[in-house]
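*Asks:* Chains L and G are the protein sequences, given in the same order. Under the numbering used here, the first residue of the first sequence is numbered 107, with each subsequent residue one higher. Under the numbering used here, the first residue of the second sequence is numbered 7, with each subsequent residue one higher.
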Amino acid sequence: MTRKSICQGTMLTRGLKRKCSEDEAPAGPLQRQSLLDMSLAKLQLCHMLAEPNLCRSVLIANTVRQIQEEMTQDGSWSLPGPQTAGRLPRDHLVSTEVLCRSAWAGPAPAPDPADLASALQAVPATQVPRAVPGGPWDRAVPGESQGGFPRSLDQVFGTLESHGPGAVEELLSDVGGSYCDLDAVLTGVVGGAKSGPEGLETFASVAAPPRGTSCKADLGELDHVVEILVET
Amino acid sequence: MVLQPAERHRGDWSHRRLGPWCSPTGSPAPLSCETGCGEGTWILVCRLLVPTQVSLLSMEEDIDTRKINNSFLRDHSYATEADIISTVEFNHTGELLATGDKGGRVVIFQREQESKNQVHRRGEYNVYSTFQSHEPEFDYLKSLEIEEKINKIRWLPQQNAAYFLLSTNDKTVKLWKVSERDKRPEGYNLKDEEGRLRDPATITTLRVPVLRPMDLMVEATPRRVFANAHTYHINSISVNSDYETYMSADDLRINLWNFEITNQSFNIVDIKPANMEELTEVITAAEFHPHHCNTFVYSSSKGTIRLCDMRASALCDRHTKFFEEPEDPSNRSFFSEIISSISDVKFSHSGRCIMTRDYLTVKVWDLNMENRPVETYQVHDYLRSKLCSLYENDCIFDKFECVWNGSDSVIMTGSYNNFFRMFDRNTKRDVTLEASRENSKPRAILKPRKVCVGGKRRKDEISVDSLDFSKKILHTAWHPSENIIAVAATNNLYIFQDKVN
Numbered sequence: 107m108t109r110k111s112i113c114q115g116t117m118l119t120r121g122l123k124r125k126c127s128e129d130e131a132p133a134g135p136l137q138r139q140s141l142l143d144m145s146l147a148k149l150q151l152c153h154m155l156a157e158p159n160l161c162r163s164v165l166i167a168n169t170v171r172q173i174q175e176e177m178t179q180d181g182s183w184s185l186p187g188p189q190t191a192g193r194l195p196r197d198h199l200v201s202t203e204v205l206c207r208s209a210w211a212g213p214a215p216a217p218d219p220a221d222l223a224s225a226l227q228a229v230p231a232t233q234v235p236r237a238v239p240g241g242p243w244d245r246a247v248p249g250e251s252q253g254g255f256p257r258s259l260d261q262v263f264g265t266l267e268s269h270g271p272g273a274v275e276e277l278l279s280d281v282g283g284s285y286c287d288l289d290a291v292l293t294g295v296v297g298g299a300k301s302g303p304e305g306l307e308t309f310a311s312v313a314a315p316p317r318g319t320s321c322k323a324d325l326g327e328l329d330h331v332v333e334i335l336v337e338t
Numbered sequence: 007m008v009l010q011p012a013e014r015h016r017g018d019w020s021h022r023r024l025g026p027w028c029s030p031t032g033s034p035a036p037l038s039c040e041t042g043c044g045e046g047t048w049i050l051v052c053r054l055l056v057p058t059q060v061s062l063l064s065m066e067e068d069i070d071t072r073k074i075n076n077s078f079l080r081d082h083s084y085a086t087e088a089d090i091i092s093t094v095e096f097n098h099t100g101e102l103l104a105t106g107d108k109g110g111r112v113v114i115f116q117r118e119q120e121s122k123n124q125v126h127r128r129g130e131y132n133v134y135s136t137f138q139s140h141e142p143e144f145d146y147l148k149s150l151e152i153e154e155k156i157n158k159i160r161w162l163p164q165q166n167a168a169y170f171l172l173s174t175n176d177k178t179v180k181l182w183k184v185s186e187r188d189k190r191p192e193g194y195n196l197k198d199e200e201g202r203l204r205d206p207a208t209i210t211t212l213r214v215p216v217l218r219p220m221d222l223m224v225e226a227t228p229r230r231v232f233a234n235a236h237t238y239h240i241n242s243i244s245v246n247s248d249y250e251t252y253m254s255a256d257d258l259r260i261n262l263w264n265f266e267i268t269n270q271s272f273n274i275v276d277i278k279p280a281n282m283e284e285l286t287e288v289i290t291a292a293e294f295h296p297h298h299c300n301t302f303v304y305s306s307s308k309g310t311i312r313l314c315d316m317r318a319s320a321l322c323d324r325h326t327k328f329f330e331e332p333e334d335p336s337n338r339s340f341f342s343e344i345i346s347s348i349s350d351v352k353f354s355h356s357g358r359c360i361m362t363r364d365y366l367t368v369k370v371w372d373l374n375m376e377n378r379p380v381e382t383y384q385v386h387d388y389l390r391s392k393l394c395s396l397y398e399n400d401c402i403f404d405k406f407e408c409v410w411n412g413s414d415s416v417i418m419t420g421s422y423n424n425f426f427r428m429f430d431r432n433t434k435r436d437v438t439l440e441a442s443r444e445n446s447k448p449r450a451i452l453k454p455r456k457v458c459v460g461g462k463r464r465k466d467e468i469s470v471d472s473l474d475f476s477k478k479i480l481h482t483a484w485h486p487s488e489n490i491i492a493v494a495a496t497n498n499l500y501i502f503q504d505k506v507n
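(1) Can you name the start and end residues of the beta strand (DSSP E) that residue 219 of chain G belongs to?
(2) Would you say residue 172 of chain L faces chain G, with C-beta separation under 7 angstroms as the test?
(3) Is DSSP giving residue 172 of chain L helix, strand or coil here?
(4) Span of the alpha helix (DSSP H) holding residue 118 of chain G?
(5) Is residue 277 of chain G helix, strand or coil by DSSP?
(6) Would you say residue 110 of chain G and residue 149 of chain G are within 7 angstroms of each other, going by their C-beta atoms?
(7) For a cutoff of 7 angstroms on Cβ pairs, would you count residue 249 of chain G as touching chain L?
(8) Taking 7 angstroms as the cut-off, decide whether the C-beta atoms of residue 100 of chain G and residue 485 of chain G are in contact.
(9) Between the Cα of residue 6 of chain G and those of G:221, G:414, G:386, G:438, spot the shortest distance and give me the residue it belongs to.
(10) Are the CB atoms of residue 251 of chain G and residue 158 of chain G nearer to each other than 7 angstroms?
(11) Please report the straight-line C-alpha distance between residue 52 of chain G and residue 171 of chain L, rounded to a whole angstrom.
(12) With a threshold of 6 angstroms on Cβ separation, who are the neighbours of residue 275 of chain G within its own chain once the five nearest residues in sequence on each side are excluded?
(13) Fully enclosed by the region 389-417 of chain G, which alpha helix (DSSP H) runs are 4 residues long or longer?
(14) Quick one: list the residues of chain L neighbouring residue 347 of chain G, beta-carbon separation under 8 angstroms, in chain order.
(15) Hey, would you say residue 257 of chain G sits closer than 7 angstroms to residue 289 of chain G, going by beta carbons?
(16) Would you grab the beta carbon distance between residue 244 of chain G and residue 160 of chain G for me? Rounded to a whole angstrom, and I think it's under 8 angstroms.
(17) Buried or exposed, going by whether 16 or more other CB atoms sit within 10 Å of the CB of residue 222 of chain G?
(18) Once you ignore the five residues that flank residue 490 of chain G on each side, which residues in its own chain have a CB closer than 6 angstroms to its CB?
(19) Thinking residue 227 of chain G and residue 183 of chain G are a contact (beta carbons under 8 angstroms), I'd like their distance in whole angstroms, please.
(20) Assign residue 495 of chain G to buried or exposed, taking buried as 16 or more other Cβ atoms, counted over all protein chains shown, within 10 Å of its Cβ.
(21) My output table needs one value for residue 286 of chain G: the three-state DSSP class, helix, strand or coil.
(22) Roughly how many angstroms lie between the CA atoms of residue 35 of chain G and residue 416 of chain G, to the nearest whole one?
(23) Rounded to whole angstroms, what is the Cα-Cα separation between residue 283 of chain G and residue 162 of chain L?
(24) How big is the Cα-Cα spacing for residue 178 of chain G and residue 350 of chain G?
(25) Note down, one range per segment and in chain order, each beta strand (DSSP E) of at least 3 residues found wholly within the region 446-501 of chain G.
(26) Alpha carbons only, please: which of G:220, G:436, G:498 is nearest the one belonging to residue 47 of chain G?
(27) In the DSSP output, which residue or residues are listed as bridge partners for residue 572 of chain G?
(28) Between residue 131 of chain G and residue 501 of chain G, which are expected to be in contact by the criterion C-beta below 8 angstroms, what is the C-beta distance as a whole number of angstroms?
(29) Mapping the DSSP letters down to three states, classify residue 320 of chain G as helix, strand or coil.
(30) So the candidates are G:440, G:463, G:230; which of them puts its Cα closest to the Cα of residue 452 of chain G?
(31) Taking Cβ positions only, does residue 286 of chain G come closer than 7 angstroms to chain L?
(32) How about the region 318-333 of chain G and the region 373-386 of chain G: do they share at least three Cβ pairs that are nearer than 8 angstroms?
(33) Can you have a look at residue 269 of chain G and say buried or exposed, based on whether 16 or more other CB atoms are within 10 angstroms of its CB?
(34) Does DSSP classify residue 358 of chain G as helix, strand or coil?
(35) Could you tell me whether any Cβ in chain G is nearer than 7 angstroms to the Cβ of residue 178 of chain L?
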């Protein structure tokens, strides 16, 4: 029996008492929060597997989005800046890419040729805030920049330097992504690149678009998510 | 619901009117017909263990006891993960039963022939052939291992003495030919009996080699390898009724292949969004219509089914029919979407209905009614209040399969605690049975099981909290014309038969 299956056999009673002691129908804010934590942890766990299950990742990401939507509507989240009603929920929701970024296992994109083209142009990052300094998001969001492509690479290297060799491994393994399109792969995004100077060079030679440019999360949300990740 | 006679088509069962509980000879067994899914009608025929690897045999095991051809293998407590059965499929006559496992192996069982001396042994399945279908691979481009686990096996209808099947892992589909050899040529001129080359100078006479009988040998050879067509994980394969093409479906795309051509396939469905950030739905299963070679269905993680007609356009991104049940607002929760995700879709043998399995229910849809299913069966509704825990331990993502019986009157699917459920569509009765080692005596009658949902637990009932969620029946198969079922429980294959008086 695998460890996982043993855990599945016995975990039910534990989980039952700890988190879901009542019917899950009325989900109070506390339960909602713990569900969100659990979901983000699951997405993070994805990248430990060889090639994670896309269906599972998509379902978890959808669940997270659903929770966030409800939390937004409830006003549980503080949202800075001018709010325009109606437009609000979608824009301030964490996109699937951001959700899966730390895992880089879910529907997160490896750069498609189309993405590369658009990334090389100056991308107006109106919705994109400055990258949160420190914390895991820095590593995961190297490309958040106000400018175009070259700036993001500088940020990448800056980030890498500050975090040491371990971060390089992780970041570069992120680049490969489990679900690169073959075309994207062939354009030079190297999967699972090894650490060390050659790794960095390979990365530099690749026109990887700043991953954060399409992220629509706002600062409040990122803070919130950072908190969760740091805690877990 | 009144059953119409099955349409005539190529299968060999269609011309027989089968009641729900017919004995193998075709005449209704009196007791079974009356009770339908009632108690005491299913007996264990045999329990088979997928042969484990040789290295394990040396661990204080007596090798002589591992007679693989013996139907009742000794309980082996060293089952490895590689032995976990991942797919089960009868061939079109039911004579052969194929299983695939996580280790990439395919084991084919053959039904024991009826003999006058041993009438009671009929219905037992013995190992016919074992071969390594897929090996673990390493994708160097992405630095990822490709699992060798067999996701699906599909048989081709038999057209000559050999048997053909398709087996697939996450990335590659293979066509295997399984053939028997019971004669070998003897009397070569240039070789002696041991196979050593003879000096031509010593040959003074010529003879014609003759075929002499030999011990039956079953050999499996890979005839085609269909590779490099799927970026994402293959979840389904389906042989078309034209027997010339088949489809393979992964999370985002479906490809159409010709059996003869391995370096090309047609992409017929592509739901990959231009921007992967927008991905919210994946393909979970797909199947061709049993008679109309232009029609197929695919299911999604959002609980929808799309029926497509390949005549409409080359890329079938626009469905012909769209099946979706409106959500029940009273049952809405954060897990609603996850539990609505369809894990399996199967056409009925008649081709008029489709059956879908989501986490808690099995639904039967009429092809002519898109807005809701005609029948819904609760598999284990007592889990509805435990969804949070099941989400935590990942059980909520388990993909259960579902199957029709030969006459489309009974449907079967698995559950936890090694339970599996059958639903009789005519009588509306259902039964829960267990595939367990305790019931492993030959011809033991299966006792119906019951889960206690609350309140006082009766003597034979089991409470929800005592269910073992690591023991799940994901894969089952039903003989195409008889009431014989195969149930896979981890590394065990159980074969049950309807009791015939």
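Glycine included, C-beta positions come from ideal geometry on N, C-alpha and C.
*Replies:* Answer, in terms of the structure:
(1) As a working mapping, residue 219 of chain G is identified with position 213 in the second sequence. Note, residue 219 of chain G: beta strand (DSSP E), 216-232.
(2) As a first step, residue 172 of chain L is located in the first sequence; it is residue number 66 there, counting from the start. Closer than 7 angstroms: yes.
(3) Looking up residue 172 of chain L in the first sequence gives position 66. Assigned with DSSP and collapsed to three states, residue 172 of chain L falls in helix.
(4) Position 112 of the second sequence holds residue 118 of chain G. Per DSSP, residue 118 of chain G lies in no alpha helix (DSSP H) and is assigned neither H nor E.
(5) Along the second sequence, read from residue 1 onward, the residue named residue 277 of chain G stands at position 271. It is coil, neither helix nor strand.
(6) Numbered from its first residue, the second sequence carries residue 110 of chain G at position 104. Numbered from its first residue, the second sequence carries residue 149 of chain G at position 143. No, they are not a contact pair.
(7) Numbered from 1 along the second sequence, position 243 holds the residue referred to as residue 249 of chain G. Not one chain L Cβ lies under 7 angstroms of residue 249 of chain G.
(8) For the purposes of this step, residue 100 of chain G is taken as residue 94 along the second sequence, with counting starting at 1. For the purposes of this step, residue 485 of chain G is taken as residue 479 along the second sequence, with counting starting at 1. Taking 7 angstroms as the Cβ cut-off, residue 100 of chain G and residue 485 of chain G qualify as a contacting pair.
(9) This structure cannot settle anything about residue 6 of chain G, because the visible part of chain G is limited to 7 through 507.
(10) On the second sequence, position 245 is the one that residue 251 of chain G refers to. On the second sequence, position 152 is the one that residue 158 of chain G refers to. Result no, Cβ atoms of residue 251 of chain G and residue 158 of chain G do not sit closer than 7 angstroms.
(11) As a first step, residue 52 of chain G is located in the second sequence; it is residue number 46 there, counting from the start. As a first step, residue 171 of chain L is located in the first sequence; it is residue number 65 there, counting from the start. One C-alpha to the other measures close to 48 angstroms.
(12) Taking the first residue of the second sequence as 1, we reach residue 275 of chain G at position 269. Counting only Cβ-Cβ distances below 6 angstroms, and skipping sequence neighbours, we find 260, 322.
(13) Segments of the alpha helix (DSSP H) lying fully in the region 389-417 of chain G: 393-398.
(14) One-based indexing of the second sequence puts residue 347 of chain G at position 341. Going along chain L in sequence order, the residues near residue 347 of chain G (Cβ under 8 angstroms) are 161, 165.
(15) Here residue 257 of chain G is taken as the residue at index 251 of the second sequence, counted from 1. Here residue 289 of chain G is taken as the residue at index 283 of the second sequence, counted from 1. Yes.
(16) Along the second sequence, read from residue 1 onward, the residue named residue 244 of chain G stands at position 238. Along the second sequence, read from residue 1 onward, the residue named residue 160 of chain G stands at position 154. Contact flag correct, Cβ pair sits at about 7 angstroms.
(17) Position 216 of the second sequence, counting from 1, holds the residue named residue 222 of chain G. By the 16-neighbour rule on beta-carbons within 10 angstroms, residue 222 of chain G is exposed.
(18) Counting from one through the second sequence, the residue named residue 490 of chain G turns up at place 484. Hits under 6 angstroms: 503.
(19) Start at 1 with the first residue of the second sequence, and residue 227 of chain G comes out as number 221. Start at 1 with the first residue of the second sequence, and residue 183 of chain G comes out as number 177. The Cβ separation is near 5 angstroms, so the contact holds.
(20) Indexing the second sequence from 1 puts residue 495 of chain G at position 489. Burial call: buried.
(21) Mapped onto the second sequence, residue 286 of chain G falls at position 280. DSSP places residue 286 of chain G in the coil class of the three-state scheme, outside both helix and strand.
(22) Counted from its first residue, the second sequence places residue 35 of chain G at position 29. Counted from its first residue, the second sequence places residue 416 of chain G at position 410. Low per-residue confidence applies at residue 35 of chain G: pLDDT is 32, beneath 50, and the placement is therefore not dependable enough to give any value.
(23) Indexing the second sequence from 1 puts residue 283 of chain G at position 277. Indexing the first sequence from 1 puts residue 162 of chain L at position 56. Whole-angstrom Cα-Cα distance: 15 angstroms.
(24) Within the second sequence, the letter at position 172 stands for residue 178 of chain G. Within the second sequence, the letter at position 344 stands for residue 350 of chain G. Between the alpha carbons of residue 178 of chain G and residue 350 of chain G lies a distance of about 20 angstroms.
(25) If one requires a minimum length of 3 residues, the beta strand (DSSP E) runs lying completely within the region 446-501 of chain G are 481-484, 490-495, in chain order.
(26) Reading the second sequence from its first residue, position 41 is the one you call residue 47 of chain G. Closest by C-alpha distance to residue 47 of chain G, out of G:220, G:436, G:498, is G:436.
(27) As shown, chain G starts at 7 and ends at 507. That puts residue 572 of chain G outside it, with no answer to give.
(28) Walking along the second sequence from the start, residue 131 of chain G turns up at place 125. Walking along the second sequence from the start, residue 501 of chain G turns up at place 495. Rounded to whole angstroms, the Cβ separation of residue 131 of chain G and residue 501 of chain G is 6 angstroms, and the two are in contact under 8 angstroms.
(29) Position 314 of the second sequence, counted from the start, is the residue given in the question as residue 320 of chain G. DSSP places residue 320 of chain G in coil when its eight states are reduced to three.
(30) If you number the second sequence from 1, residue 452 of chain G lands on position 446. Taking only the C-alpha atoms, the option nearest residue 452 of chain G is G:440.
(31) Within the second sequence, residue 286 of chain G is the residue found at index 280, counting from 1. Closer than 7 angstroms to some Cβ of chain L, the Cβ of residue 286 of chain G qualifies, so yes.
(32) The region 318-333 of chain G vs the region 373-386 of chain G: in contact.
(33) Indexing the second sequence from 1 puts residue 269 of chain G at position 263. Flag for residue 269 of chain G reads exposed.
(34) Within the second sequence, the letter at position 352 stands for residue 358 of chain G. Residue 358 of chain G: coil per DSSP, three-state reduction.
(35) As a working note, residue 178 of chain L is residue 72 in the first sequence. For residue 178 of chain L, the answer is no, since every Cβ of chain G falls outside 7 angstroms of its Cβ.
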